[in-house]
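Below is one structure, written out as structure tokens, with a few remarks after it.
Numbering (this note's numbering), first residue to last: 45 to 141.
Right, here's the structure in full:
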């Protein structure tokens, strides 16, 4: 399993609108192949910063399946105009200790 972590910096004064748009957009990602679950968390120290955590079955489910899909264009239209700067997205795997 892969954990995608996106750090989202939302433009000042846009957090409420972003959260409303995200509530609509989350159905898009939840319907994608390889999707497992997601969480959206707001930063305590900076109320305009969010962490989006999405668990995928494989890296390609996110990078190829989701990002290459027509649904991604709808996701972009709903959310990308809220960000400044554009989000940092990284992928992680669990470390067995």
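We treat Cβ as the ideally placed atom computed from N, Cα and C, and that holds for glycine.
Nothing here was measured: the structure is a model prediction, and the numbers come from that model.
Endpoints, alpha helix (DSSP H) assigned at residue i
{"i": "residue 140", "result": "Unbroken run through residue 140: none, as it is neither H nor E."}
{"i": "residue 115", "result": "114 to 123"}
Own chain, CB closer than 7 Å to residue i, minus 5 neighbours either side, in chain order
{"i": "residue 116", "result": "110"}
{"i": "residue 62", "result": "54, 126"}
{"i": "residue 196", "result": "The structure shown has nothing for residue 196, since the chain only spans 45 to 141."}
{"i": "residue 92", "result": "53, 54, 56, 59"}
{"i": "residue 133", "result": "48, 50"}
DSSP three-state assignment for residue i, whether helix, strand or coil
{"i": "residue 55", "result": "coil"}
{"i": "residue 48", "result": "strand"}
Where the beta strand (DSSP E) through residue i begins and ends
{"i": "residue 83", "result": "79 to 86"}
{"i": "residue 134", "result": "132 to 136"}
{"i": "residue 93", "result": "93 to 100"}
CB contact flag (residue i, residue j, <7 Å)
{"i": "residue 80", "j": "residue 48", "result": "no"}
{"i": "residue 100", "j": "residue 46", "result": "yes"}
{"i": "residue 69", "j": "residue 122", "result": "yes"}
{"i": "residue 51", "j": "residue 131", "result": "yes"}
Close Cβ partners of residue i (< 8 Å) along its chain, the five nearest in sequence each way excluded
{"i": "residue 76", "result": "105, 109, 110, 113, 115"}
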